[in-house]
Every structure is written in C-alpha cells, then in structure tokens.
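Numbering of the sequence shown is given in my numbering, commencing with residue 613 and proceeding in unit increments. Note that the Cβ used here is the ideal one computed from N, Cα and C, for glycine as well. Computed from a predicted model, the values in this text were never measured in an experiment.
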Amino acid sequence: MLARQDEGLAEGQALDPASALDMQQAGQTLAQAAREVTVFAFDNAGTTVVLASHPLQRCLRDIFTGLKHAIMTPAILGRIGNVRLGLDYGAIGF
613 MLARQDEGLA
623 EGQALDPASA
633 LDMQQAGQTL
643 AQAAREVTVF
653 AFDNAGTTVV
663 LASHPLQRCL
673 RDIFTGLKHA
683 IMTPAILGRI
693 GNVRLGLDYG
703 AIGF
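The structure is reproduced here in structure tokens:
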C-alpha cells in the first residue's frame, strides 16, 4: 500500500481521502510497533544501555520524539475510527 501511494505521489497524483486515511492508520500502527520494539530492546539490553553513547539511547529519543508529532497523537486514532464508522473526521486545528 505504501509503495503504491508513494509511486502515485511521485507521479504527481493527489492522494484521495480514503488513501490518506489508510496512510494515517498505517503510520500509527508502524509507529506504535517501533515504540514497542525499541522499549523491548532497551528493557532486555545490558546495563550499558543507560549510557548516552549507547545506540539504543538515540533510538529511544527518536521514536519518542516522533510519537509527539501532531499526526501521531492518540486523538488521531479516534478520528480515524470516526471515519471508519461513517462519522465526521472533525475539525482540523491545533
């Protein structure tokens, strides 16, 4: 799905609302999976994982920072659910 959408966007095609919603949902799912994997790796690593120089420290910072992006907030899942149930997405604003 993502590769197909990427090809269409590269060719200048607009993303239809249903596809945009699919992309948002896929992004949410992938981001949460990345968070779970990163936390699992941290929890199961040796004691050197607490050092700032450990590569997992950067992974933790990156994933937690990315999850604070507006499109990754849990409220977006509610909006996606609304549309899937045939309801309005809601007003977009910050």
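In the DSSP assignment, E648 falls within the alpha helix (DSSP H) that extends over 629-655.
Between L642 and F654, the beta carbon gap of about 19 Å keeps them out of contact (Cβ cut-off 8 Å). Residue range 614-622 is occupied by the alpha helix (DSSP H) that includes L621. In the same chain as N694, and ignoring 5 residues on each side of it, the C-beta atoms closer than 8 Å to its own belong to D700, Y701, G702, in chain order. Cα atoms of L633 and I692: separation of roughly 7 Å, rounded to the nearest angstrom.
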